[in-house]
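What follows is a set of notes on a single structure, which appears directly below.
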Amino acid sequence: MLRVDGLKAIYPELSHCIVVTNMGAAPAELFSLGHQPGFFYVWHSMGLASSVGLGIALSRPELQVIVVDGDGSLLMNLGSLTTLARHRPANLIHLVFDNEVLLSVGRSFTTATATGTDLAAMAAGAGISRTGTYRTEEDLRRAFLEALAARELAVLVAKVEPQGPPSYFIDLHFLESRFQFQRHLRQLAATGAGQDTSQG
Ligand SMILES: Cc1ncc(C[n+]2csc(CCOP(=O)(O)OP(=O)(O)O)c2C)c(N)n1
Numbered sequence: 001m002l003r004v005d006g007l008k009a010i011y012p013e014l015s016h017c018i019v020v021t022n023m024g025a026a027p028a029e030l031f032s033l034g035h036q037p038g039f040f041y042v043w044h045s046m047g048l049a050s051s052v053g054l055g056i057a058l059s060r061p062e063l064q065v066i067v068v069d070g071d072g073s074l075l076m077n078l079g080s081l082t083t084l085a086r087h088r089p090a091n092l093i094h095l096v097f098d099n100e101v102l103l104s105v106g107r108s109f110t111t112a113t114a115t116g117t118d119l120a121a122m123a124a125g126a127g128i129s130r131t132g133t134y135r136t137e138e139d140l141r142r143a144f145l146e147a148l149a150a151r152e153l154a155v156l157v158a159k160v161e162p163q164g165p166p167s168y169f170i171d172l173h174f175l176e177s178r179f180q181f182q183r184h185l186r187q188l189a190a191t192g193a194g195q196d197t198s199q200g
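Here the sequence shown is numbered in our numbering, starting from 1 and rising by one per residue.
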C-alpha cells in the first residue's frame with residue numbers, strides 16, 4: 001500500500017475530524033488530497049504530533065482527533081504510547097504509517113521496524129488494546145471505521161511502501177497554518193460544534 005492511497009481511503013472521514021500530522025512526506029500527501037481547516041501539520045517538531053494530538057483530545061473531548069504519524073517519528077517519542085494509554089482519550093486515533101525508513105530525509109535511513117520492531121505490539125504492551133497492523137487500504141479503512149465507531153483510543157499501524165509525494169511543497173506557510181487551525185478550534189467551541197464523522 002502507498003501511504004497516499006491509505007490516506008485517500010479514509011479521507012472522507014478525516015475531512016470531518018481534527019487531524020494532526022507529523023512532518024515531511026505525510027502532510028504533503030494529505031495536503032494534496034485537500035486541505036481542511038481542521039488539519040494541522042506539526043512542522044519541524046519530529047515525534048511530537050502524538051503529544052500535540054493528545055493535548056487537543058484531552059482538552060476538547062467533543063472533537064474526534066486523528067494523529068497521522070510515521071514510524072521514525074513515533075520511535076523518537078515512544079513514551080507517548082504509555083502516556084496515551086494512561087490518559088486513554090476516547091476521541092483519539094493514532095494512525096502510524098510505517099514505511100520502515102526515515103523517508104523525508106532519504107530512504108537509506110532504516111528505522112527499527114525494518115529489523116523487526118512491531119509498533120502495534122509496543123502499543124499493546126503500553127496498554128492500548130485497540131491496535132493492529134494493516135497492509136491494504138481495505139483493511140486500514142475497516143479498522144479505522146471500527147475505531148471511530150467504538151469511540152475508543154486506538155493505535156493503527158499501516159505498513160506502507162517507502163515512497164513519498166512528487167513534491168513536498170505545501171502552499172500554506174506554517175504560521176498561517178498555526179493561526180488558521182487555532183481559529184478553527186475556537187470557532188468550533190463558539191458554535192458548540194462537535195465533529196460528525198458519519199458525513200462524507
Ligand atoms: C528532532 C528532529 N530530528 C530530525 C529531523 C529531520 N527529519 C525530518 S522528517 C524526518 C523523518 C521522519 O520519519 P517518519 O516519521 O518515519 O516519516 P517518513 O519521513 O518516513 O514519512 C527526519 C529525520 C527533525 N525534523 N527533527
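Just so it is clear, CB atoms sit at the ideal spot from N, CA and C, and this is done for glycine as well. Bear in mind that the values here come from a model prediction, so they are computed numbers and not experimental data.
Under the three-state DSSP convention, the category H16 falls into: In the three-state scheme derived from DSSP, where H, G and I count as helix and E and B as strand, H16 is classed as coil.
Relative to the C-alpha of D5, which residue among V160, R186, F181 and R183 is closest? Comparing Cα-Cα distances from D5 to each of V160, R186, F181 and R183, the minimum goes to V160.
Sub-7 Å separation of G47 and N77 beta-carbons: yes
Looking at the structure shown, is L95 part of a helix, part of a strand, or coil, going by DSSP? DSSP places L95 in strand when its eight states are reduced to three.
Let's see if you can read the secondary structure: which residues bound the alpha helix (DSSP H) around D69? Taken as a continuous stretch (DSSP letters only), D69 belongs to no alpha helix (DSSP H), being part of the beta strand (DSSP E) at V65 to G70.
Helix, strand or coil for L156 per DSSP? Of the three classes helix, strand and coil, the one that applies to L156 here is strand, per DSSP.
Ligand 1 and N22: does any heavy atom of the ligand fall closer than 6 Å to the residue's C-beta? yes
Going straight from the alpha carbon of E137 to that of S80, what length do you get? 26 Å
Measuring only from the beta carbon, is S108 closer than 6 Å to any heavy atom that is part of ligand 1? no
Check this for me: beta carbons of V68 and I56, under 7 Å apart or not? no
Quick one: grab the DSSP three-state call for Y41. strand
Cβ contact (3+ pairs, closer than 8 Å) linking the stretch 154-169 and the stretch 113-126: yes
What's the call for E62, buried or exposed, on a 16-neighbour Cβ count within 10 Å? exposed
What's the gap between the Cα of F181 and the Cα of I18? Linking F181 to I18 through their CA atoms gives a straight-line distance of about 9 Å.
Could you tell me if Q199 is buried or exposed, where buried requires 16 or more neighbouring beta carbons within 10 angstroms of its beta carbon? Unreliable positioning characterises Q199 in this predicted model, as indicated by a pLDDT of 44, which lies under 50. A coordinate reading is not provided.
Any idea which residues DSSP pairs L11 with across the strands? Checking the sequence, you will find Tyr at residue 11 rather than Leu. Answer by DSSP bridge pairing: none, since Y11 is not bridged.
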